[in-house]
Structures are given as structure tokens and as C-alpha cells.
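Student: Chains as they are written, first to last, in our numbering: chain A, 1 to 392; chain B, 1001 to 1319; chain C, 2001 to 2097.
Each residue gets a CB set at the ideal place from its N, CA and C atoms; glycine is no exception.
Computed from a prediction, not measured in an experiment: that's the story for all the values here.
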């Protein structure tokens, strides 16, 4: 029976990972995700799980050690943020190419220059094209749920891909929320022990991590792409099973008050919760506004997007990262590309908000909706705009 | 005819006949590193997992869809064979403890070139040794970044010409002495550290066997002659390694529990010129520079002998 | 000249992660085609010590029915190490035609 807990979301994430009985955890601390590996090491020290916690000397070694562990057939986990993610970035695409089902929690934090430890999505957006399954949690409950789902999805024989679960740094990691934590028996029924497709052991000799000549590389990349695209089927099945067992529904794009909506916001992560309040207030004012909360970032849920924007006149895509010198922020660029060939599609406007932990209030969301609709028909001169910059 | 010192005639016949590193690999003709790997695997046996850093050996041995390895093998990237090895070791330990795999010891051996050990892979190596993982790390040192075309590394000897510090009118090649990695690793509380060379195959294989039995970290530094990069005729590959030892340039010793022992001790060292003159990478050296090298080799060798004579082991100091 | 490499025809035939489940499969590639010279044996001089066997980087030398160590010319790259290291000088390197 799930129990109701009130704790810091990072600690809850660690508890959720512990329920999955990882064999090896290799992590290096970096604000704001540090509490996840710290609490996991507490759980190991208390003897609650039989796990080898490797205090690696860098994030690069953290993901490398997870590769070795996963290659040997162990369930492996790591966690990082921002600069740490970039330090392990050399290994990130290799993990998906090698089809190692490692799960990683990312406490999203701004990429440096200038150094900033607070929340935005520039870290994960720099790892867009690497072949990992990528999910965004909007609150503590989603964090717990997605951590556990991630292992099942990753290890599924039709997937065999690494998964990262994104939770906003500080906005989620350091916030205390009431949540339901499943109990061990429930998780054991949902998540069976890991049975690797191949493992490093002399009883079954295999070479992992080969060199591919140009004659074969394109085929290898096709295979990798197909694996990621086809994983959506399994993700939907796992989410359906989760709903049956735990009563909480997950969809690639969550909809909030979308009935009859003419204008909608699209958010990723915790900003969606604040946006919900704004939508409520707008609806009270008679504005036909709704909210789309993107939970599955990779593989990109194109079909679900088409369904979600049906009937919308205007879509405001909120990015939390800049694609410097690009056409749009990363999410808006993806949405526009997906909608390009559709006969009927909403007008897409793009605002980049909350960089480096800048607070975005309910009023800001409301203003953005009002700008996008008839109330104040101010179409930005540029394709995107960083919201709230003083002086612009 | 070549005199092969410290080589027991007919000893090769006692060696494990199984080839764990099979023919058909794409290493250069006369590759010392390929030979060294072949010998190392014979000493390890089949209950081994090899973790290989990017480099010559990884590139020539596993070209999809074939592999030269008759052992479980993993390659991830360049700087991380030590950390991947740490992960494999942890996993095998946990899985064995949980009863998920057979209850027998599988040794994890992480290998890398001098690039992946001295330079780009140094941090990972240091971390793995410090954390005390049951991993044997073997560095196959051909004294430059050979796979990318013979560039200077921290292991390149003084005076050598490489493509990133070539000899020319304004340069004599590398000006710095070779990094003493065995000393550095020994300071990591590693119970067994040894230097070796494929030209002394039985000595090398004995050291690998010894290291395999250590329950904890161990490190072997194997000099691997690269005829391509050292500009040596392929048939003189073994001779070059032998001369490195006979001139004192690359002494073969063990540091066990903090005690130094020479495993191959030439009665009298040959002049370094004998070693330098057969290699094209040193052909630009002036007699003065060679003297400089000779002086330093003598100094380093004497310092090593001093340690062999005077340093006690940790156990001796304790008890 | 036999076909050295055989690529999987279609992407669907690739193993997941390009893992190789065929140990020692490099033997399908005959590196013997590389060489410019090959070892020639004088069995009168051979003392069957195995020095050539231990020093061969390819590991392609093995004992024949009479116990003489002979290189497998499918893989011999002609480096000449065996000839150089042979105690009694039983091996000579001869240029390939």
C-alpha cells in the first residue's frame, strides 16, 4: 500500500530509485541534484538496499562506471545537472548506441557562462539528439513515478535504451511536497529484476563497443533511431500499466482545461504547475485558455501533438533554454517542425522564460496568453523573445 | 645472432596455447602492443573481462561485425577504461553477492595506451586505484599517441621526435623527461605495481599472473615497441624492447607492498646510444643531447637501485 | 583473393548496439594478403623451442604434426620478428613474388 510522505523531492526521488533495487550507483555531486546521490548513499549505508555506491571522481567517470556496470548486467543509476551533464556528454551518446538501459536523474540547471546554479533547461536541451528517452516531471509525484517507470521502460527487451528523468533544479529538487510513495511489494510486482540482453561474462563471450566503418555506420544510426522511435509504444504500455496499478495517468502531453480552448500554453517541467493557476484565472475571466504539459520529450510525441492542438487558434510555446542564434527555442523549433506540414495548425509564438532560476509568476503567464490572443494583439517582431529582460 | 638474456629456452612451450587475442586483427606488421596483449591474455586465462580504452588496440581488434577477442570485452571511450573497469568490477561483485551470476571470481582488467593512461585517462585511473577496486590496470606504453599518428604524450621520452613536437632546426624534439607513472600509481596505496616489456615475455606473464591474484588494485606498465612510430624495422621490434631494458632506459622491476625489486637486472648497463641509434625517432640527436640523456638515465637508474636497496616494505615497517 | 569483409546487408540485421557475439571472428579477414615477405623454414636447424611462437604479434604460429613451429600464411604479415629472434637461424624471410 502506497504511503503518504512529505519530503524534499530530491530525497523522494532517491527513495523511488531505492525501491527499484539498483545494483550499482555511481554519482558525483553537483548542485542542485546532490541530494539525490547523497540520500541514496544514506539508504545504502543503512543497509536498506544491497547496492554498490561508487564515489567516482568525476561525472565522466560516473557515467563510464554505469556503462561498465550495465554492460556486466547490473541495474545502474546516476544523477547529475548542468556542467556535470556536459562533462559526461562524451559518454552520453555512446550509452544509447550501446543500448545500455541506464537511468539518470537530471536536476535541470543552467549551463555555465556566467556560472549559475539555478533552474533552466539549457543542460538537457544541449543533449537533445543523443538517443536517450527523455521525460519531464512537473512535480514531486511525477518525479517518483517517472523514476520507477524509467527502469521498466529502459530495460524492456523492445527498448533497451537509457532514460533520463528531468526535474527542475531547486524548483523541484529542494521543494517539500506531499506525495505517495509506493511500497516495495507494489514496485516488485511492477518492475521485475533486470535480465540483460547481453552481459560481460566468460560464460557468454561478447565484444561491446565496436568500431563501425562508413560502410556500416549509416545502418547503425538507422537502427538507433528506430529503437528510439519504436520505444514510444512501450512507454505508452508502461504508463497504462502504471495507471492500472497506481491510479495515476500519464500521457506524452498532459492536457489541462483544453476543452474548447482557443489559446494554449505549452510547458515542460514545474512551470506547468504555476501555469495551471494562470489558466484557472484566465478561464474565470472568460478567456478560452488551456495548458499543454509536455511530459515526453524524446521520442517526440508528434501524433499526440496533432491531437492536442486540434481546434487551437494560438499556441504559446514556453522554452526554458535559448538556442543562441537559432530560429526558435528548442521546444518551439520542434513543435513548429512537427506542425509544418499540417493543413490546419495554430499560430505558434515562442517565449523563453525563467532562465537561470528567474521566477515566472502567474501574472506573467496570463500576460503571455493575453499578448498572444486578441486582448493585446502584440505579435513579437522576432520569432522568439526572452521574456522579461530588462531593457528590451 | 641475438642473445636473449633472462629467457628460459623452451619456456614458450609451457605457455597456454589458447589464443585469446586472435589473428586477423588489423594491427601494423610487427606491432609490439598486439604481441603484449596476446601474451597478457594468455597469462590471464578465460575468467577475465577486458575493458579497453580507445586506441590502436581497440580500433584494430573490433571492427564490426568481427572481433579478435575470445574474452568478454567492452570499449566505451578514450579516457575511461579505468572507470568503466570500476563499474564492471562493482557489478560483478554485487551480482555474485546477490546470486545472480555464478559464484566464481572473474578478474577485471582495464587496458589503455600511454595516452589513455598518462594523459587523458589519468584522472579515471587515479580514481579507480584510490578507491581500491579489484581491477588490474595494464598500460601498453608505445610512448606517443600512436593511433592518431604519433603525437607527443606524457610518456614520450626526452629527445624523441613526434608529430607534435618534431625535431627541426629550432627544436630537438621533446625536452621533458618521461612521466614516472609507476611511482605515481604506487603512491595510491596500490599493493602491486610492476614494469614489464613484451621482449621479456615470461617475466611479463609472471607479473600478470601475480597481479591477477591480488584482491585489490594493481598496475602493470608494459613498454610496447611501435615500429611504425619509433621508425624501427619491424623485425627489430623485440630487439628494441630488449635494448630499452639492457641500457637502463626502461628497467624492469616490481613494487610489492612498497618494496622495490628488480626482476631483470643486467650486470652492466649498455650505453643508451645502442638503444637510440636503431630508432628513427632519435636520429636527429646530437652527441651532446645523447650525453644529457645518458646522464639522466644513469641518475634515474641509480635512484631506482637506491630504492631497491634501502626502502622497506609496509609490512616490515609495521612489524 | 577471398572476400575479406562481409557487411550485414540491411540495417535490421545489425545486432543491438553493434555487439559482436562471434569471438575470434577476425579470422575471417586474412591479413596474410598484406605481406611483402614471408618466412621460409629450415627444419634441420629448428630446435622446436617456440621462441618464434611466443614473439609472433599475430599468434599465427603453431606446431605441425612433427612438432615444428610453422606460421599460418593466411595471417602472417611478414614482419620478420620470428626470423630475427630464431636462435639457430632456422627461419629466413624471403620476398613475396
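(1) In chain order, what residues of the same chain have a beta carbon less than 7 Å from the beta carbon of residue 1282(B), not counting five sequence neighbours either side?
(2) Interface residues of chain A around residue 2087(C) at Cβ under 9 Å?
(3) If the cut is a Cβ gap below 7 Å, which residues of chain B does residue 356(A) touch?
(4) Could you tell me whether the segment 1100-1116 of chain B touches the segment 1039-1048 of chain B, where touching means 3 or more Cβ pairs closer than 8 Å?
(5) Which of the three DSSP states is assigned to residue 2001(C) in this structure?
(6) What's the gap between the Cα of residue 158(A) and the Cα of residue 220(A)?
(7) Near residue 1140(B), which residues of its chain fall below 6 Å by C-beta distance, leaving aside the five closest residues on each side in sequence?
(8) Any idea if residue 340(A) is buried or exposed, counting beta-carbon neighbours within 10 angstroms, 16 or more meaning buried?
(9) Scan the segment 2043-2076 of chain C for residues whose Cβ lies nearer than 7 Å to a Cβ of chain A and list them as they occur along the chain.
(10) Per the DSSP calculation, residue 50(A) is bridged to which residue(s)?
(11) What residues in its chain sit with their C-beta under 6 Å from that of residue 73(A), if we drop five residues either side in the sequence?
(12) Under 7 Å between beta-carbons, which chain C residues line up against residue 222(A)? List them in chain order, please.
(13) Could you check how far apart the C-beta atoms of residue 1099(B) and residue 1145(B) are, in whole angstroms? I think they sit under 8 Å.
(14) If you measure from the beta carbon of residue 1010(B) to each beta carbon in chain C, is any gap under 9 Å?
(15) When Cβ atoms are compared, which residues of the segment 1222-1246 of chain B fall closer than 9 Å to chain C?
(16) In this structure, what does DSSP give as the bridge partners for residue 410(A)?
(17) Taking the Cβ atom as the reference point for each residue, do residue 1147(B) and residue 1156(B) lie within a distance shorter than 9 Å?
(18) Any chance the segment 1057-1072 of chain B sits against the segment 2016-2028 of chain C, with 3 or more Cβ pairs inside 8 Å?
(19) Just how far apart, CA to CA, sit residue 123(A) and residue 336(A)?
(20) Who are the neighbours of residue 1320(B) on chain A, taking C-beta pairs under 7 Å?
(21) Taking only beta-carbon atoms, is residue 1040(B) less than 9 Å away from chain C?
(22) Does DSSP put residue 1018(B) in a helix, a strand or coil?
(23) So what does residue 1151(B) bridge to, in DSSP terms?
(24) If the cut is a Cβ gap below 8 Å, which residues of chain C does residue 1021(B) touch?
(25) Taking buried to mean at least 16 other C-beta atoms within 10 Å of its own C-beta, is residue 142(A) buried or exposed?
(26) At a Cβ cut of 7 Å, what residues of the segment 190-215 of chain A count as close to chain C, listed as they run along the chain?
(27) Give the secondary structure of residue 363(A) by DSSP, where H, G and I count as helix, E and B as strand, and everything else as coil.
(28) Give a yes or no on whether the minimum CB-CB distance between residue 1005(B) and chain C is below 9 Å.
(29) Looking at the secondary structure, which residues open and close the alpha helix (DSSP H) in which residue 1282(B) lies?
(30) Residue range of the alpha helix (DSSP H) that residue 148(A) falls in?
(31) Tell me which residue opens and which closes the alpha helix (DSSP H) that residue 165(A) is part of.
(32) Under 9 Å, do residue 161(A) and residue 231(A) count as touching if we go by C-beta distance?
(33) Check whether the Cβ atoms of residue 268(A) and residue 312(A) lie closer than 9 Å to each other.
(34) Strictly below 9 Å CB to CB, what residues from chain C border residue 1015(B)?
(35) If you follow the alpha helix (DSSP H) that residue 62(A) is part of, which residue opens it and which one closes it?
(36) Could you tell me the distance, in whole angstroms, from the CA atom of residue 1153(B) to the CA atom of residue 1117(B)?
Tutor: Once the coordinates are examined:
(1) 1159, 1160, 1276
(2) Here the premise fails: no neighbours, minimum Cβ distance about 36 Å.
(3) Residues of chain B passing the Cβ test: none, with the nearest at roughly 29 Å.
(4) yes
(5) Confidence at residue 2001(C) is low in this model, with a pLDDT of 37, below 50, so its placement is unreliable and the value that follows should be read with caution. Residue 2001(C): coil per DSSP, three-state reduction.
(6) Distance between residue 158(A) and residue 220(A), taken at the CA atoms: about 17 Å.
(7) 1033, 1036, 1113, 1222, 1224
(8) exposed
(9) none
(10) Under DSSP, residue 50(A) forms no beta bridge with any residue.
(11) 196, 199
(12) 2011
(13) Not quite, the Cβ-Cβ distance comes to about 44 Å (not below 8 Å), so this is no contact.
(14) Taking Cβ atoms only, chain C reaches closer than 9 Å to residue 1010(B), which makes this a yes.
(15) 1227, 1233, 1234, 1235, 1236, 1237, 1238, 1239
(16) In the structure as shown, chain A begins at 1 and stops at 392. Residue 410(A) is therefore absent and cannot be evaluated.
(17) No. Outside cutoff.
(18) yes
(19) Going from the Cα of residue 123(A) to the Cα of residue 336(A) covers about 22 Å.
(20) Because chain B in this structure spans residues 1001 to 1319, residue 1320(B) falls outside the shown range and cannot be described.
(21) no
(22) coil
(23) 1145(B)
(24) 2059
(25) Buried is the call here.
(26) 197, 198, 205, 206, 207, 208, 210, 212, 215
(27) helix
(28) Confidence is the limiting factor: at residue 1005(B) the pLDDT is only 49, short of 50, which leaves the residue's position unreliable and the question unanswerable from this model.
(29) Per DSSP, residue 1282(B) belongs to no alpha helix (DSSP H) and is neither H nor E.
(30) Counting along the chain, the unbroken alpha helix (DSSP H) around residue 148(A) starts and ends at 140-155.
(31) Premise fails: residue 165(A) lies in the beta strand (DSSP E), 163-168, not in any alpha helix (DSSP H).
(32) yes
(33) no
(34) Within 9 Å Cβ-Cβ: 2050, 2053, 2054.
(35) For residue 62(A), the enclosing alpha helix (DSSP H) begins and ends at 59-71.
(36) Taking the straight line from one Cα to the other gives about 10 Å.
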